[in-house]
Amino acid sequence: MRTLCGRRCGNTRTSKATSCSRDCDQRARSRSGDEISPASSVPALTSIIIVAADSGATLEACVARVLASSARIELIVADNASTDGAIERLQQRFAADDRLRILRNEKNLGFGPACNLAASQARGDAVLFLNPDCFIEADSIARLRDVSAQQNDVGLIGVCICEPDGRPARAIRRRDPLLRRALMSFSGLSRWENRWPALQGVEMPPLAAAKNASVENVEAVSGALMFVSREVFEKIGGFDPGYFLHCEDIDLCRRVRDAGYRVLFASDLRVIHRQGSSSRHRPVFVARHKHHGMWRWFRKFDPAARNPLLRAIVWLGIWAHFVIVWPRLIFSMRRQRRAA
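Its first residue numbered 1, the sequence shown is counted upward by one per residue in the UniProt record's numbering.
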């Protein structure tokens, strides 16, 4: 295990990418054996990236599951200035495992920017972005690679994210959150989409009703686990750094599709997600950035944003919703603290 700067060479920790020479990178690759000839039979390398921010004990459990993978992997944990001791515990427990690298940032960069920084140092031909409270199986990565190899024009793959009791979580396969869809869903018109073709595509069909359920074309998947081709990720420019937290996943999926690639949902590949290991400690902070992400996505992709009146109404609606929910979030957080 290595604790890194912003480069692969093993320099001491800093929040900025230290200026290291290209020769240093090449020597590091040569020593680690990552540069292999095209004829080599060595399995392809998958880079797994976990962004941590006071993620608690779930981070250690998540890392242990990743390192138990049967696939050839490297794991980069991008730490956004955690103070809960989780990173120190990783350093102690996995010190002998050179597949693990820890990238420590002096401040919280946000999810997307931290992913981009880690991806810039990744060596695999595919990248798996994984939440620190998401637990994969030993064969999950191999199965994701199988799905990718068996399909054409694949850019990104998501899986069935499940609650600890095994039930599929909400919003694991999604449509773009367009204003017209939100209005039809809120008004109840979406219930008539099977009878009125103009309304089709508003709601996602149930998992059991999806055609070819094992692999399904979707518009977006959950950001808790996203498997993406390194080539595609670099082609579209990675995550949009304008999102701090939330909605960067549906933004990424949209740009993958706009680039001509498919976003797939593999329903027979399931992982457990203990949602909110980091966010439950700062619910208002998370909610604020979630609403900001909704507004940014709307401005970037929704045709309705071209109408100044609709644009103003949506802005008011998003932030009015935030004002309504934040007292409840604070009350819930205080109640949890008292119970603890």
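In this text, a Cβ means the ideal position worked out from N, Cα and C, and glycines have one as well.
In this text, all values refer to a predicted model and were calculated from it rather than measured experimentally.
Just verifying my parser: in three-state terms, what is the DSSP assignment at residue i?
i: residue 13; result: Confidence at residue 13 is low in this model, with a pLDDT of 46, below 50, so its placement is unreliable and no value can be given for it.
i: residue 216; result: strand
i: residue 301; result: helix
i: residue 39; result: Confidence at residue 39 is low in this model, with a pLDDT of 47, below 50, so its placement is unreliable and the value that follows should be read with caution. Reduced to three states, the DSSP call for residue 39 is coil.
i: residue 161; result: strand
i: residue 155; result: strand
i: residue 244; result: coil
i: residue 322; result: helix
i: residue 135; result: strand
i: residue 328; result: helix
i: residue 106; result: coil
i: residue 342; result: Summary: the structure shown does not reach residue 342, with the chain confined to residues 1 through 340, and so no result is reported for it.
i: residue 123; result: coil
i: residue 293; result: helix
i: residue 282; result: coil
i: residue 309; result: helix
i: residue 182; result: helix
i: residue 317; result: helix
i: residue 96; result: coil
i: residue 44; result: coil
i: residue 71; result: coil
For the alpha helix (DSSP H) holding residue i, just list the boundary residues, first then last.
i: residue 253; result: 248-258
i: residue 140; result: 140-150
i: residue 172; result: Careful: residue 172 lies outside any alpha helix (DSSP H) and carries neither H nor E.
i: residue 89; result: 86-93
i: residue 65; result: 57-67
i: residue 117; result: 111-119
Please confirm whether residue i and residue j have their CB atoms less than 8 Å apart.
i: residue 264; j: residue 157; result: yes
i: residue 373; j: residue 179; result: Any question about residue 373 goes unanswered here, given that the chain covers just 1 to 340.
i: residue 215; j: residue 151; result: yes
i: residue 232; j: residue 259; result: yes
i: residue 144; j: residue 48; result: no
i: residue 282; j: residue 159; result: no
i: residue 142; j: residue 68; result: no
i: residue 250; j: residue 297; result: yes
i: residue 289; j: residue 225; result: no
i: residue 87; j: residue 99; result: no
i: residue 254; j: residue 176; result: yes
i: residue 164; j: residue 272; result: yes
i: residue 136; j: residue 222; result: no
i: residue 313; j: residue 294; result: no
i: residue 170; j: residue 219; result: no
i: residue 106; j: residue 81; result: yes
i: residue 248; j: residue 112; result: yes
i: residue 275; j: residue 133; result: yes
i: residue 331; j: residue 291; result: no
Once the 5 residues before and after residue i are set aside, which same chain residues still bring their CB inside 8 Å of it?
i: residue 116; result: 238, 239 and 241
i: residue 44; result: 72, 124, 125, 126 and 145
i: residue 31; result: Because residue 31 sits at a pLDDT of 36, beneath the cut-off of 50, its placement in the model cannot be relied upon, and the point is left open.
By DSSP's criteria, residue i is part of a beta bridge. Which residues make up the other side?
i: residue 52; result: 79
i: residue 129; result: 49 and 226
i: residue 221; result: 173
Grab me the residues of residue i's own chain with a C-beta within less than 7 Å of its C-beta, minus the 5 sequence neighbours each way, in chain order.
i: residue 37; result: Low per-residue confidence applies at residue 37: pLDDT is 41, beneath 50, and the placement is therefore not dependable, though the value from the model is reported in the following sentence. Result list for residue 37: empty, nothing under 7 Å.
i: residue 60; result: 86, 89, 90 and 93
i: residue 119; result: 49, 127, 233 and 238
i: residue 326; result: 284 and 287
i: residue 236; result: 255, 256 and 259
i: residue 329; result: 283, 284 and 287
i: residue 70; result: 138, 139 and 142
Which residues mark the beginning and the end of the beta strand (DSSP E) in which residue i is found?
i: residue 272; result: 262-273
Please go through the same chain and pick out, in chain order, the residues whose beta-carbon is closer than 6 Å to the beta-carbon of residue i, but skip the five residues on each side of it.
i: residue 261; result: 153, 155 and 232
i: residue 310; result: 304
i: residue 95; result: 1
i: residue 114; result: 51, 78 and 80
i: residue 228; result: 127 and 156
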